[in-house]
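Student: Mind looking over this structure? Questions follow.
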Amino acid sequence: MATAIQYILDSIAYGSLFALMAMGLALLFGVMGLMNFAYGELIMAGAYTMFFTRSWGWLGMIVTTLIVVTVLSLVMELVAFRPLRGASPVTLLITSFAVSYALQEFAWTDVLGLSHRFNGATIGTGPQKGVQPYPWLTQQYQVKGVLVSKLEIITVIVTIALLVGMTLLLKRTMLGIQLRASTQDFRMAQLVGVKANWVISSAFAITGVLAGAVALLYVFRTGLVAPDMGQGPLLVAFVGGVIGGLGSLSGAALGGFVLGVIINILNASLPVKLHSYSLLFAFMAVIAIVVLQPEGLIAFRRGGDWLERLWQRIRKPATEGAGA
Amino acid sequence: MRRYAEPLARRIWPPLFLSVVLVITWALVDSFGNVVYRDTAVKMFITLIVVLGLQIFSGNSGVLSFGHVAFMAVGAYASALLTIPTEIKKFTYLTMPHFLKFWIFPAQLNALEGTLAGAGFALLLAAITAPPIVRLSGVAAGIATLAILVIVHEFDYQTSAITRGTSTQIGVPTTTTLLSTLIWSLIFIAVAFVFQQSKFGLRLRASRENERAARSVGVRVPIERAIAWTLSGFVVGVGGALYGHYFGGTFGPDDFFFNNGFNIVLLTIAMLVVGGMTSVTGAVVGCYFVTVVFELFRRWEVNGLGVTPPPGTANLVLAFMLITTLFLRPKGITGGREIPWPTEWRLPRRPSRGPSLRARFSGTQAANEAAASAETPATE
Chain C
0 MATAIQYILD SIAYGSLFAL MAMGLALLFG VMGLMNFAYG ELIMAGAYTM
50 FFTRSWGWLG MIVTTLIVVT VLSLVMELVA FRPLRGASPV TLLITSFAVS
100 YALQEFAWTD VLGLSHRFNG ATIGTGPQKG VQPYPWLTQQ YQVKGVLVSK
150 LEIITVIVTI ALLVGMTLLL KRTMLGIQLR ASTQDFRMAQ LVGVKANWVI
200 SSAFAITGVL AGAVALLYVF RTGLVAPDMG QGPLLVAFVG GVIGGLGSLS
250 GAALGGFVLG VIINILNASL PVKLHSYSLL FAFMAVIAIV VLQPEGLIAF
300 RRGGDWLERL WQRIRKPATE GAGA
Chain R
0 MRRYAEPLAR RIWPPLFLSV VLVITWALVD SFGNVVYRDT AVKMFITLIV
50 VLGLQIFSGN SGVLSFGHVA FMAVGAYASA LLTIPTEIKK FTYLTMPHFL
100 KFWIFPAQLN ALEGTLAGAG FALLLAAITA PPIVRLSGVA AGIATLAILV
150 IVHEFDYQTS AITRGTSTQI GVPTTTTLLS TLIWSLIFIA VAFVFQQSKF
200 GLRLRASREN ERAARSVGVR VPIERAIAWT LSGFVVGVGG ALYGHYFGGT
250 FGPDDFFFNN GFNIVLLTIA MLVVGGMTSV TGAVVGCYFV TVVFELFRRW
300 EVNGLGVTPP PGTANLVLAF MLITTLFLRP KGITGGREIP WPTEWRLPRR
350 PSRGPSLRAR FSGTQAANEA AASAETPATE
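Listed in order, the protein sequences are those of chains C and R. Going by numbering that gives the first Met the number 0, the first sequence opens with residue 0, and the numbers climb by one from there. Going by numbering that gives the first Met the number 0, the second sequence opens with residue 0, and the numbers climb by one from there.
Listed below in structure tokens is the structure:
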């Protein structure tokens, strides 16, 4: 029983990461039809920032990482995606592949001479020793035979905080209303005065913050820093997002969360021989969903977002229409 | 006489021109090139075959595929398995399940048979995957084809009983030569042109330009797409088989995936997009252009001329080349057109951005497009 609860707690923490990632993917997909494969490289950039700032103390590290990843996300938009405004989603998809590849290749090379500047750490020679998590983070509590680490609790708390923050941002602020309007119909939103550049830049900034948070939590969990480290988590979050429905934020977040939980439970409980094919089956599910239920399994567009409905129920129907 | 001869000549002219370019390349490299140039040329011809396969499907249907490299993997693995000498297979595939063992082990095909068999298996995979893929377009198709790539990669990676997993193959005959890749390239240039001009190709291209209009005149889009998808699976499968036999079997699952260093997925898509997706000429031009630029930077990395760029610059240049093309010439260097008739050479016009205003306000389309034209000022 205790081990089961421990699995579940660990899986919740693991799934939370993918909920955040899938939400970042869904935001960009909703606003500008961009399936951003360079998202994994934002996490990679965050991991490298953590690696280089590991001696700065935890606050400095966290703040720097968040800033660097957000700025990178904005620069990505400015350099690669803004000139392609109005291009077809497929063009954007190809571009995001190219950007992802470029950033990864940049991490493999030694372009900035980073090897000399940062304590002899070469950025270009593959997997690094990584970032040592702080001892107080990995500290574990024992509650009735269940081991819980502080990091897991923090992961869940941060995820919940970010989800609540996102919900508040989307429901209560002007920017949120503009974002939601753009998600529904970008052209119409522009017609009624929503500034395209402002909305899209904000969306990229928000995904940047989300990616930064994921990078922090992910690297503290695994300690891994490598140029291609973003690929694996991205694929899982992407599958989760498609299953949940990239058209809606909550659907994608829930999809990412559920898939993360399932994968973690499978990895822990199934023999190696079976769970090595989990990615294969996940992608078969992706094909099936894309063909049969392109809106995703969780997000039912016509009935509205479940989060939205929940929110309306909390706020009483009388005051609805703030965003509509 | 002239009345019949000229249209025919006009049809044959572009593939003939491209074939001559290929043969000249082969002749130059074969007589003057050193080992490095031969290696580059062989790799270029192999990627050209893959790009041609990609063009047959994506170019004619307008549906971009990230998954064609999966057919390459199938072609390479199947061809390798069927050509490795039986004695070697007995020791290297100890755990192969019996239902495969009994026909794979005795098989010792020659190079041509192996290539055809490998391509046949690729065609089989294409035929199996066709039903879901042909129903999709746009990003959904991109996602689904990418899923096929991941599935095949994951299968190659995990099923070590059949693919030896991450280990390389042993005993694959090194039969791919410059000449064999040239001949296959020439064949597939012809195939791509014949398909493009055939009724299947015409219907498919009609659906690319306007799916609804094509459907309304009786084009069954999924079936036309399925034909192109299956044919391109075969073409890419041949490319994969040739690739497998070139390096003496030193290939693994990562050769057919997003791999840093030699990212064949991005490379082939970059070639097709840079050249111009909608024409066979575009595939060939893109392949030559990207190869030349890529190799230029790679040589520079290795040899250095005073200033040595850091390793990996060539790959960065590849990514930037792709992005710049999408910015400046979304239809590629050729603008998506074939090599023009000798008397009609002129500089390609810049592809116009969107239909003109006048065209929008005529006919039934007016109502549709009028709304779109009103939004344009609000974009900026």
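Even for Gly, the Cβ is constructed at its ideal location relative to N, Cα and C.
1. When the distance is taken between beta carbons, is A210 of chain C closer than 9 Å to Y13 of chain C?
2. Counting contacts by CB-CB distance shorter than 9 Å, is L26 of chain C in contact with chain R?
3. Judging by CA-CA distance, which residue of R:N59, R:P252, R:V34, R:V73 is the nearest neighbour of G232 of chain R?
4. Is it buried or exposed, P96 of chain R, if we count other Cβ atoms within 10 angstroms and call 16 or more buried?
5. Could you say if the stretch 285-292 of chain C and the stretch 26-43 of chain C meet the contact criterion of at least three C-beta pairs nearer than 8 Å?
6. Drop a sphere of 10 angstroms on the beta-carbon of A139 of chain R, count the other beta-carbons inside from all chains shown, and report buried for 16 or more, exposed for fewer.
7. Anything in chain C within Cβ reach of V272 of chain R, meaning under 7 Å, just list it in chain order.
8. By Cβ distance below 6 Å, which residues in the same chain neighbour A267 of chain C in space, the five residues on each side in sequence not counted?
9. When burial is assigned at 16 or more other CB atoms within 10 Å of the CB, is E153 of chain R buried or exposed?
10. Check the C-beta distance from V208 of chain C over to T63 of chain C and give it rounded, since I have them as a contact under 8 Å.
11. Using three-state DSSP, classify Q168 of chain R as helix, strand or coil.
12. May I ask you to report which of helix, strand or coil DSSP gives Y140 of chain C?
13. Within its chain, find whatever has a CB closer than 8 Å to the CB of L321 of chain R; leave out the 5 residues flanking it on each side and keep chain order.
14. When you compare only the Cα positions, how much space is there between R156 of chain C and F219 of chain C?
15. Could you tell me the distance, in whole angstroms, from the CA atom of V301 of chain R to the CA atom of F282 of chain C?
16. Keeping to the same chain, check which residues put their C-beta closer than 6 Å to that of F187 of chain R; ignore five residues upstream and five downstream.
17. Could you name each continuous beta strand (DSSP E) segment of 3 residues or more that falls completely within the stretch 31-62 of chain C, going from the start of the chain to the end?
18. State the start and end residues of the unbroken beta strand (DSSP E) segment that holds S148 of chain C.
19. For A160 of chain R versus T91 of chain R, is the C-beta spacing smaller than 9 Å?
20. Would you kindly work out how many angstroms separate the C-alpha atoms of M43 of chain C and I11 of chain C, rounded to a whole number?
21. Compare the C-alpha of Y242 of chain R against each of R:R134, R:A75, R:A106 and name the closest.
22. Using only the alpha-carbon positions, how far apart do I4 of chain C and Q141 of chain C sit?
23. Along chain C, in chain order, which residues have C-beta atoms closer than 8 Å to that of A318 of chain R?
24. Under the rule that 16 or more other beta-carbon atoms within 10 Å means buried, what is G238 of chain R, buried or exposed?
25. Can you tell me which of R:G275, R:P341, R:I263 puts its alpha carbon nearest to the alpha carbon of L148 of chain R?
26. Just to confirm, are G236 of chain R and M71 of chain R a CB contact at a threshold of 9 Å?
27. Assign G125 of chain C to one of two classes, buried (16 or more other C-beta atoms within 10 Å of its C-beta) or exposed (fewer than that).
28. For E151 of chain C, count neighbouring C-beta atoms within 10 Å of its own C-beta (all shown protein chains included) and say buried if the count is 16 or more, exposed if not.
29. Taking only runs that begin and end inside the stretch 214-293 of chain R, name each unbroken alpha helix (DSSP H) of 4 or more residues, in chain order.
30. Would G239 of chain C and A1 of chain C qualify as a contact pair, given that the criterion is a beta-carbon distance under 9 Å?
31. Is there a Cβ of chain R sitting closer than 9 Å to that of Y276 of chain C, yes or no?
32. Could you name the residues of the stretch 10-35 of chain C whose beta carbon sits closer than 8 Å to any beta carbon of chain R, in the order they occur along the chain?
33. Should Q107 of chain R be flagged as near chain C, meaning a C-beta pair shorter than 9 Å?
34. Between Y245 of chain R and L279 of chain C, what straight-line distance do the alpha-carbon atoms span, to the nearest angstrom?
35. Nearest-angstrom Cα distance between A251 of chain C and F203 of chain C?
36. Using a Cβ-Cβ cut-off of 8 Å (strictly less than) and excluding sequence neighbours within five positions of L327 of chain R, which residues of its own chain qualify?
Tutor: A quick look at the data gives this:
1. Taking 9 Å as the Cβ cut-off, Y13 of chain C and A210 of chain C do not qualify as a contacting pair.
2. L26 of chain C does not count as touching chain R.
3. Out of R:N59, R:P252, R:V34, R:V73, R:V73 has the C-alpha closest to the C-alpha of G232 of chain R.
4. Under this definition P96 of chain R is an exposed residue.
5. The stretch 285-292 of chain C makes no contact with the stretch 26-43 of chain C, as fewer than three CB pairs between them are under 8 Å.
6. Flag for A139 of chain R reads buried.
7. Near V272 of chain R (Cβ distances below 7 Å), the residues of chain C are I93.
8. Around A267 of chain C: Y6.
9. When all chains shown are included, E153 of chain R counts as buried.
10. Between T63 of chain C and V208 of chain C the Cβ distance is about 13 Å, and since that is not below 8 Å, they are no contact.
11. It is coil, neither helix nor strand.
12. DSSP places Y140 of chain C within a strand segment (E or B) once states are collapsed to three.
13. Correct list, in chain order: L265, I268, A269, V272, V273.
14. It is Ile, not Arg, that sits at residue 156 of chain C in the sequence shown. A straight-line Cα-Cα distance of about 15 Å links I156 of chain C and F219 of chain C.
15. As the crow flies, the alpha-carbon of V301 of chain R is around 39 Å from that of F282 of chain C.
16. Apart from the 5 residues on each side of it in sequence, F187 of chain R sits with its Cβ closer than 6 Å to the Cβ of I48, L51, V234 in its chain, given in chain order.
17. Runs of the beta strand (DSSP E) spanning 3 or more residues and lying entirely within the stretch 31-62 of chain C do not occur at all.
18. Going by DSSP, S148 of chain C is part of the beta strand (DSSP E) stretching over 145-148.
19. No.
20. Going from the Cα of M43 of chain C to the Cα of I11 of chain C covers about 23 Å.
21. In this structure, R:A75 is the residue among R:R134, R:A75, R:A106 with its C-alpha nearest to the C-alpha of Y242 of chain R.
22. Taken atom to atom, the span from the alpha-carbon of I4 of chain C to that of Q141 of chain C is near 12 Å.
23. Listed by position along chain C, the residues whose Cβ is nearer than 8 Å to that of A318 of chain R are A97, V98, Y100, A101, E104.
24. So G238 of chain R counts as buried.
25. For L148 of chain R, the closest C-alpha among the options R:G275, R:P341, R:I263 is that of R:I263.
26. Taking the C-beta atoms as reference points, M71 of chain R is found nearer than 9 Å to G236 of chain R.
27. Caution applies to G125 of chain C, whose pLDDT of 42 falls short of 50 and renders its modelled position unreliable; the value that the coordinates give is listed next. Counting Cβ neighbours within 10 Å, G125 of chain C comes out exposed, since fewer than 16 surround it.
28. So E151 of chain C ends up on the buried side.
29. Complete alpha helix (DSSP H) runs here, min 4: 220-245, 263-274.
30. No; because the gap between Cβ atoms is not below 9 Å, this pair is not in contact.
31. So, interface residue.
32. Those would be G32, M34, in chain order.
33. Q107 of chain R does not count as touching chain C.
34. Their backbone Cα atoms lie some 29 Å apart in a straight line.
35. Put simply, the backbone Cα of A251 of chain C is about 17 Å away from that of F203 of chain C.
36. Within the same chain, no Cβ atom closer than 8 Å to the Cβ of L327 of chain R is found once the five residues on either side in sequence are excluded.
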